[in-house]
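Residue numbering for the sequence shown is 157 to 406, as defined by the working numbering.
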Amino acid sequence: MGETSIEWTDATWNPVAGCTIMSAGCTNCYAMRMAARLEAMGVEKYAALTRRTGKRAVWTGRVSLDEKALSIPGNWTKPRRVFVNSMSDLFQEKVPAAFVTRIWEIMAQTPRHTYQILTKRPDRMADLLKTNILPVLPHVWLGTSVEDASVLFRLEDLRRVPAAVRFVSFEPLIGSVSGADLAQIDWAIVGGESGPRARQMDPIWVDEVKELCDKAGAAFFFKQWGGRNKKAAGRTYRGRTWDSLPELRI
157 MGETSIEWTD ATWNPVAGCT IMSAGCTNCY AMRMAARLEA MGVEKYAALT
207 RRTGKRAVWT GRVSLDEKAL SIPGNWTKPR RVFVNSMSDL FQEKVPAAFV
257 TRIWEIMAQT PRHTYQILTK RPDRMADLLK TNILPVLPHV WLGTSVEDAS
307 VLFRLEDLRR VPAAVRFVSF EPLIGSVSGA DLAQIDWAIV GGESGPRARQ
357 MDPIWVDEVK ELCDKAGAAF FFKQWGGRNK KAAGRTYRGR TWDSLPELRI
């Protein structure tokens with residue numbers, strides 16, 4: 157936990173670990189592999205979060221709430237962009253609303269950082285914010301993952317979320333999302349799947365997202381081509397890197 161190689165953030169913060177498979181984008185989730193590895197290393201926080209099926213690890217559905225991790229952002233004096241729960245989904249059903257509220261309180265107390273929260277459950281995120289359980293914080297960006305056209309409905313739920321920045325991660329992009337509506341979406345991240353079972357990303361799908369961003373005025377960030385060797389594949393698109401960040405809504 158802390159510094160990270162993820163291109164669009166500076167650090168990760170994981171007060172929650174463990175998840176459940178939601179859709180096709182979860183099939184080769186890196187967090188499942190990492191959780192299994194950390195459990196094998198004896199890290200108690202990740203015990204029983206995954207099980208072996210065939211030659212891979214999958215989530216068991218168990219969730220670990222890490223009370224000790226709540227204090228970490230307060231110990232970081234230098235401002236940074238913080239990806240919240242890279243090893244989980246903060247808005248999954250097994251994470252109590254009370255614990256989500258505690259995380260919100262920590263973020264409110266540390267406005268020097270910019271927090272980035274990504275979920276495959278924007279419906280629950282919208283419900284918690286719309287009912288005023290969680291306040292809108294200007295330094296908290298809220299987003300959803302969309303891997304193909306079958307889950308474009310998540311964008312509608314995201315639009316219901318009151319936020320300083322709304323963003324979408326098209327990663328792993330495993331199908332065309334040409335029908336996506338990016339109205340009221342401030343930022344789009346695009347990336348191919350990486351790892352031993354990576355599914356190939358068609359460059360045409362990236363072109364489609366870039367055109368959607370241009371049309372909607374959303375910032376475009378190209379993370380990677382992915383594949384079994386993502387470093388070799390690189391992150392150059394149309395002859396350059398694309399690292400645009402969003403502008404605040406409030």
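Ideal Cβ positions, reconstructed from N, Cα and C, are used throughout, including at glycine. Source: prediction; values computed, not measured.
The shortest CA-to-CA distance from F239 to any of L404, T168 and E349 is the one to T168.
Within the same chain, and ignoring the five residues on either side of S334 in sequence, the residues whose Cβ sits closer than 6 Å to its Cβ are E364.
Within the stretch 351-382, the complete beta strand (DSSP E) runs of at least 3 residues fall at 375-380. By alpha-carbon distance to N385, the top candidate from R212, N288 and R355 is R355. A Cβ-Cβ separation of about 5 Å places R218 in contact with A204 under the 8 Å criterion.
The beta strand (DSSP E) runs lying completely inside the stretch 268-332 and spanning 3 residues or more are 270-275, 296-301 and 321-326, given in chain order. Contact check for F376 against A336 fails: the beta carbons are separated by 8 Å or more. Across the set K224, G210 and A213, the C-alpha of K224 shows the shortest separation from the C-alpha of P171. Here I259 carries a helix assignment [DSSP, helix/strand/coil]. Around the C-beta of N241, 16 or more other C-beta atoms lie within 10 Å, and the residue is accordingly described as buried.
Taking every protein chain shown into account, the CB of I273 has 16 or more other CB atoms within 10 angstroms, so this residue is buried. Assignment of beta-bridge partners to A192 by DSSP yields no partner.
Here DSSP, grouped into helix, strand and coil, assigns A336 to coil.
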